[in-house]
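Everything below concerns the one structure shown next.
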Amino acid sequence: ELFSITFIIEFFVRVLINPKYAPYMLIGGLIVSNQQPDWVEAKPKRFAWLLGMALGVIMTYYIIFDIITPVRLGVCWLCLFLMFVESVFGICLGCLLYKKLKWKTYNCPGGICDVPPPAYNKRKLVIIAAFLGLFFLTYVGLKSYKLNEKPKIIIIKE
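Our numbering applies: residue 1 is where the sequence shown begins, and numbers increase by one.
Next up, the structure:
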């Protein structure tokens with residue numbers, strides 16, 4: 001549940017603010033900082049992040065109100081599947097959907113996108129530290145909310 005909420009924060013930052021301030025992207029950038037970047041077009045990725053944000057909003061609703069339904073489980077499995085395919089096979093299914101919708105895309109042929117990776121400065125480290133603090137506060141708040149709430153049973157009739 002906690003990671004679902006942090007992922008929705010991540011997608012909101014990527015889509016609505018700027019991907020260079022997204023906490024998980026900053027952490028990932030630090031981990032692979034000595035590797036050569038593999039630049040891709042931003043529009044399909046932004047579309048995929050928007051889909052991830054929509055799934056995250058749905059999951060956040062079910063988490064906050066502690067509702068367990070087949071929809072919640074389906075959204076959870078869909079997110080896990082999409083992340084698995086992206087991380088293991090390097091296939092962005094949201095990007096493929098973007099292409100199938102026939103929106104114009106460009107690529108970076110002939111190495112024209114070869115640019116040095118961005119330097120990591122103190123500001124980015126402060127953003128990561130703030131995210132970790134927010135992560136901790138979210139954990140404490142969610143745990144407190146769940147412990148103070150009276151147990152409830154929701155029965156879904158079909």
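Just so you know, even glycine gets a beta-carbon here, dropped at the ideal spot from N, CA and C. For clarity, every value in this text was computed on a predicted model and none was experimentally measured.
Same chain only: Cβ atoms within 7 Å of residue i, ignoring 5 sequence neighbours per side
{"i": "Phe12", "result": "Met53"}
{"i": "Tyr21", "result": "Val13 and Ile127"}
{"i": "Leu50", "result": "Val15"}
{"i": "Glu10", "result": "Ala22, Pro23 and Tyr24"}
{"i": "Phe131", "result": "Pro23"}
Whole-angstrom C-beta distance between residue j and residue i, which should lie under 8 Å
{"i": "Cys79", "j": "Glu86", "result": "Between Glu86 and Cys79 the Cβ distance is about 11 Å, and since that is not below 8 Å, they are no contact."}
Beta carbon of residue i nearer than 8 Å to that of residue j
{"i": "Lys124", "j": "Leu26", "result": "yes"}
{"i": "Ala8", "j": "Thr60", "result": "In the sequence as displayed, the identity of residue 8 is Ile instead of Ala. For Ile8 and Thr60, yes; Cβs fall inside 8 Å."}
{"i": "Ser144", "j": "Ile63", "result": "no"}
{"i": "Leu2", "j": "Thr138", "result": "yes"}
{"i": "Phe135", "j": "Thr6", "result": "yes"}
Boundaries of the alpha helix (DSSP H) in which residue i is found, first to last residue
{"i": "Cys76", "result": "Pro70 to Phe84"}
{"i": "Gly94", "result": "Leu93 to Lys100"}
Own chain partners of residue i with C-beta closer than 6 Å, once the 5 adjacent residues on each side are dropped
{"i": "Cys95", "result": "Pro44 and Ala48"}
{"i": "Gln246", "result": "Absent from the model: residue 246. The displayed extent of the chain is 1 to 158, so no value can be given."}
{"i": "Leu82", "result": "Leu93"}
Cβ neighbours of residue i in the same chain (closer than 8 Å, five flanking residues each side left out)
{"i": "Val75", "result": "Leu55, Ile58, Met59 and Tyr62"}
{"i": "Leu73", "result": "none"}
{"i": "Val71", "result": "Ile58 and Tyr62"}
{"i": "Phe65", "result": "none"}
Quiz item: Which runs of the alpha helix (DSSP H) spanning at least 4 residues fall entirely within the segment 2 to 68, listed in chain order?
Solution: 2 to 12, 23 to 31 and 42 to 64
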